[in-house]
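Using the working numbering, the first residue of the sequence shown is number 594, and each one after it goes up by one. The beta carbon of each residue, even a glycine, is placed where N, CA and C say it ideally should be. Okay, structure first, notes after.
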Amino acid sequence: MEKKVKRITSPFIQASMLTVLPIIWARGIEWQAVQVGFFNQPFLYSISAFMLGMWGLFLLLMVSGNKKETETTLS
């Protein structure tokens, strides 16, 4: 039982960590852009949206992969 719980929770912890990283990265870009004054706001927001979209897709794939894994172990 403990092994099963561990296997389910560890990807979620990794996923939550990976979700925080691009947000920090986007903030860093935004701060640099303000410093340099090179990027315009819409371009920045499109980068941030793209990054978050990619991470969302990645998380979705991870979760669906885990569901398939648990289904095969149950049957």
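Whether residue i touches residue j by CB criterion (7 Å)
| i | j | result |
| --- | --- | --- |
| S639 | A619 | no |
| P615 | M644 | yes |
| A608 | L650 | no |
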